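Participant: Once you've had a glance at the structure underneath, I'll fire off some questions.
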Ligand code: PMP
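Numbering (the UniProt record's numbering), first residue to last: 1 to 387.
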């Protein structure tokens, strides 16, 4: 029996696709592995808040000896609901200008829970070809009809909506706002305009990589594009720019009530620790004051994107701080990542099935606590590789 799994693993190794958990020591924005210190270019801590000592101290100073509980000990529907949950949900609903918000244990929980709760046999889910694995898993669990449209191709999406208009009672259009592997963006206003032509269409947008980073107050791409109120279900995570853990959806009250009644990961899993939710609440309040960090990140990202295009003459889909260097070949990507690590840059090769075949890449993820000098050194190193 066990040989079957051994053989599968051997195949993965042969294809350069074998995964292992790395042993890492974290030192602020640096990572130490096997005694080598490297700039962490693979973190989702986009605003650089994860290691912000001042914020941490200010948070703990609020409580002194009376920290919020380290566990909720139960699902929220039983005894795991604490006032800080409601406070954060109220704060978020107000900030987004929406009726309600609901918290979840992670973005993965949100995406595998909300879609199956909302969809039934009379529902068609129409998802962008490049949506994250968590949404794909959510769609599979939903057991409803499912079609994908070509990435950011809204003419294709419209064809699908037109074709299925009469067949389904509901159609849920699913997209990310900033795409996790290419760093490019959806055009949410175009999606809203399309949705408004079809009364049975709902828009589901995952802002995991945009919350905190984009928008005047850091509320994401929907804020930046001015359509916060038109997205039916706006989802995001706290584990990235918000330097915490958990996720949210902002939506109408009816949808919130429905999810509380139908969403299995919410009903059947222990709620997040109140301490964790209090930290998220504290950081969420800081978001409007982090404009300097957002502006710095925009310039830093623009600088690296341009340099990669200039040096390698490769495709650069990104418009954000997720900057892919697309090499194509698996083995070459692995080798280049290893060379970068030797030079002091912790970046990882991303290969199929995480990205489509033939598009293996190094995914540089920039954070606001990096300096121009650090990014210039990385660029100089890439330049050396090209010569
Ligand atoms: N959505 C997207 C677009 C993501 O990239 C990720 C994680 N990388 C998630 C959801 C999952 O979020 P979490 O890590 O909070 O489970």
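Backbone N, C-alpha and C fix where the C-beta goes; we use that ideal spot for every residue, glycine too. Since we're looking at a predicted model, the values are computed, not measured.
Give me the residue from 136, 267, 296 and 373 with the minimum Cα distance to residue 47.
Facilitator: 296
Participant: What number of angstroms, rounded off, separates the C-alpha of residue 312 from the C-alpha of residue 386?
Facilitator: 7 Å
Participant: How many angstroms separate the CA atom of residue 269 from the CA atom of residue 149?
Facilitator: 33 Å
Participant: Using 8 Å as the threshold, is the region 185 to 197 in touch with the region 240 to 249, meaning 3 or more CB pairs across them?
Facilitator: Inter-segment contact for the region 185 to 197 and the region 240 to 249 is absent: fewer than three beta-carbon pairs are separated by less than 8 Å.
Participant: Can you find at least 3 beta carbon pairs, one from the region 344 to 363 and one from the region 324 to 333, that sit closer than 8 Å?
Facilitator: yes
Participant: Could you tell me the alpha carbon to alpha carbon distance between residue 56 and residue 4, rounded to whole angstroms?
Facilitator: 48 Å
Participant: For a test of your reading of the model: does the CB of residue 127 fall under 7 Å from any non-hydrogen atom of the ligand PMP? Yes or no.
Facilitator: no
Participant: So the candidates are 94, 12 and 82; which of them puts its Cα closest to the Cα of residue 252?
Facilitator: 94
Participant: Nearest by alpha-carbon distance to residue 28: which of 34, 22 and 38 is it?
Facilitator: 38
Participant: Closer than 8 Å is the cut-off here; do at least three beta carbon pairs connect the region 280 to 293 with the region 110 to 117?
Facilitator: Too few Cβ pairs lie closer than 8 Å, so no.
Participant: Rounded to whole angstroms, what is the Cα-Cα separation between residue 374 and residue 301?
Facilitator: 12 Å
Participant: Residue range of the beta strand (DSSP E) that residue 202 falls in?
Facilitator: 201 to 206
Participant: Whole angstroms are fine: how far does the CA of residue 25 sit from the CA of residue 128?
Facilitator: 37 Å
Participant: Does the separation of the CB atoms of residue 84 and residue 278 fall below 8 Å?
Facilitator: yes
Participant: Just to confirm, are residue 171 and residue 130 a CB contact at a threshold of 8 Å?
Facilitator: no
Participant: Using the C-alpha atoms, what's the distance from residue 319 back to residue 273?
Facilitator: 35 Å
Participant: Of all the beta strand (DSSP E) runs that stay within the bounds of the region 223 to 270, which reach a length of 3 or more residues?
Facilitator: 233 to 237 and 247 to 251
Participant: Between which two residues does the beta strand (DSSP E) carrying residue 361 extend?
Facilitator: 360 to 365
Participant: On the three-pair Cβ rule with 8 Å, is the region 197 to 213 touching the region 226 to 241?
Facilitator: Counting C-beta pairs with one atom in each stretch, the region 197 to 213 and the region 226 to 241 have three or more that are closer than 8 Å, which means they touch.
Participant: Below 7 Å, is the gap between the Cβ of residue 186 and the nearest heavy atom of the ligand PMP?
Facilitator: no
Participant: To which residues does DSSP link residue 102 through a beta bridge?
Facilitator: 249
Participant: Less than 8 Å between C-beta atoms, sequence neighbours within five positions excluded: which residues of the same chain meet that for residue 202?
Facilitator: 118, 170, 171, 172, 173, 195, 232 and 233
Participant: If we count the other Cβ atoms within 10 Å of its Cβ and call it buried at 16 or more, is residue 74 buried or exposed?
Facilitator: With fewer than 16 other Cβ atoms within 10 Å, it is exposed.
Participant: Would you give the residue range spanned by the beta strand (DSSP E) that residue 198 belongs to?
Facilitator: First-last for residue 198: undefined, no H or E at that position.
Participant: Look up residue 92 in the DSSP assignment and say whether it is helix, strand or coil.
Facilitator: Reduced to three states, the DSSP call for residue 92 is helix.
Participant: Going along the chain, which residues of its own chain have a beta-carbon closer than 7 Å to the beta-carbon of residue 263, five neighbours each way excluded?
Facilitator: 113, 114 and 117
Participant: May I ask whether a heavy atom of the ligand PMP can be found less than 7 Å away from the beta carbon of residue 354?
Facilitator: Checking the Cβ of residue 354 against the ligand PMP gives no.
Participant: For residue 38, report the span of its beta strand (DSSP E) as first-last.
Facilitator: In the DSSP assignment, residue 38 falls within the unbroken beta strand (DSSP E) covering 36 to 40.
Participant: Less than 7 Å between C-beta atoms, sequence neighbours within five positions excluded: which residues of the same chain meet that for residue 139?
Facilitator: 115, 125, 127 and 146
Participant: Closest by CA to residue 14, which one among 331, 180 and 339?
Facilitator: 331
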